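Scroll down for the structure; my scribbles are underneath it.
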Amino acid sequence: MSTKKQGGGLKEVWRKILVALKRRPFNIPMVALVITFLYYALHLSTISNTTAKIQGSGMGFAGFVTMLVSMLSYMVFINTFQYRKPVNKPMLGLLIVMFGIIAFADIYYRNQIFAAIQRPVNPIVVTQNTIYIAYAEYYLRIHLILLAITLVLILTLPIYAKALRKVKTSIEVEDNGSLGAIDISGDE
Numbered sequence: 048m049s050t051k052k053q054g055g056g057l058k059e060v061w062r063k064i065l066v067a068l069k070r071r072p073f074n075i076p077m078v079a080l081v082i083t084f085l086y087y088a089l090h091l092s093t094i095s096n097t098t099a100k101i102q103g104s105g106m107g108f109a110g111f112v113t114m115l116v117s118m119l120s121y122m123v124f125i126n127t128f129q130y131r132k133p134v135n136k137p138m139l140g141l142l143i144v145m146f147g148i149i150a151f152a153d154i155y156y157r158n159q160i161f162a163a164i165q166r167p168v169n170p171i172v173v174t175q176n177t178i179y180i181a182y183a184e185y186y187l188r189i190h191l192i193l194l195a196i197t198l199v200l201i202l203t204l205p206i207y208a209k210a211l212r213k214v215k216t217s218i219e220v221e222d223n224g225s226l227g228a229i230d231i232s233g234d235e
């Protein structure tokens with residue numbers, strides 16, 4: 048395969064991606080939402096180990112709420128942005144409330160970690176054996192950042208959807224020039 052053809056192939060793939068995004072720009076925040084959920088879900092074992100070690104009040108419930116509402120927010124997102132239909136505003140409001148619940152649960156969990164480390168009586172000491180506590184706090188901080196990015200992408204969707212529509216994705220077809228008049232009279 049020549050490099051010219053390969054470059055044209057990559058250009059065509061890029062054009063098809065842009066066409067798909069022009070038709071369904073809500074896929075951008077949906078991908079961000081999926082990444083945010085997967086980030087939390089893939090680090091859940093570290094967060095669960097931290098819950099078991101610290102045993103702070105409401106830590107397990109905060110982790111459960113974060114996981115549950117994260118899954119439900121994906122379903123609400125799908126119902127908020129339906130193809131070829133206007134945005135379902137009550138569902139958008141519910142989605143924003145769900146993001147607030149997730150953020151509150153994450154912040155509450157992080158505060159419980161800090162309280163356990165800094166308490167005057169029997170504080171939790173982060174050593175090499177309990178390094179997962181520091182990782183859990185870090186993962187929650189990154190999860191909050193990803194959640195904020197997703198929320199910004201959702202709220203700015205009308206702005207970049209208009210910008211995507213202005214991107215030219217049509218293919219220029221070469222004119223053959225040898226087409227003559229087509230006789231459709233039926234006489235041969």
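At position 74 of the sequence shown the residue is numbered 121 (our numbering), and the sequence of numbers has no breaks.
Glycine included, every Cβ here is placed at the ideal spot set by N, Cα and C.
Bear in mind that the values here come from a model prediction, so they are computed numbers and not experimental data.
Q) Under three-state DSSP, which class holds arginine 131? A) Taking the sequence shown and counting its residues from 1, one reaches residue 131 at position 84. Of the three classes helix, strand and coil, the one that applies to arginine 131 here is coil, per DSSP.
- Where does glycine 56 land, buried or exposed, given buried means 16+ other C-beta within 10 angstroms? Numbered from its first residue, the sequence shown carries residue 56 at position 9. Exposed is the call here.
- Message: Among the candidates Tyr185, Leu198, Asn169, whose CA atom is the shortest distance from the CA of histidine 90?
- Response: On the sequence shown, residue 90 is found 43 positions in, with the first residue counted as 1. Looking at the Cα atoms, Tyr185 is the closest of the given residues.
**Message:** Taking 7 Å as the threshold (C-beta atoms), are serine 117 and phenylalanine 84 in contact?
**Reply:** In the sequence shown, counting from the first residue as 1, residue 84 sits at position 37. In the sequence shown, counting from the first residue as 1, residue 117 sits at position 70. A Cβ-Cβ contact shorter than 7 Å links phenylalanine 84 with serine 117.
Point to revise | phenylalanine 151 - containing alpha helix (DSSP H), residue span | key: Taking the first residue of the sequence shown as position 1, residue 151 is located at position 104. Where phenylalanine 151 is concerned, the enclosing alpha helix (DSSP H) starts and stops at 136-165.
> In angstroms, rounded to a whole number, what distance separates the CA positions of leucine 19 and phenylalanine 146?
Replying inline: An answer regarding residue 19 cannot be provided, because it is not within the stretch 48 to 235 covered by the chain.
Exercise for review: Look at the alpha carbon of glycine 103 and the alpha carbon of lysine 213, and state the distance between them as a whole number of angstroms.
Suggested key: Sequence index remark: in the sequence shown, residue 103 carries index 56 (1-based). Sequence index remark: in the sequence shown, residue 213 carries index 166 (1-based). Taking the Cα positions, glycine 103 is about 52 Å away from lysine 213.
- Taking Cβ to Cβ, would you say leucine 142 is nearer than 7 Å to phenylalanine 124? Working through the sequence shown from its first residue, we reach residue 142 at position 95. Working through the sequence shown from its first residue, we reach residue 124 at position 77. Going by C-beta atoms, leucine 142 is nearer than 7 Å to phenylalanine 124.
| message | Applying the 10 Å Cβ sphere with the 16-neighbour rule, what's the burial state of serine 92? | response | Here residue 92 corresponds to residue number 45 of the sequence shown, with the count starting at 1. Classification of serine 92: exposed, given that the 10 Å Cβ count is below 16.
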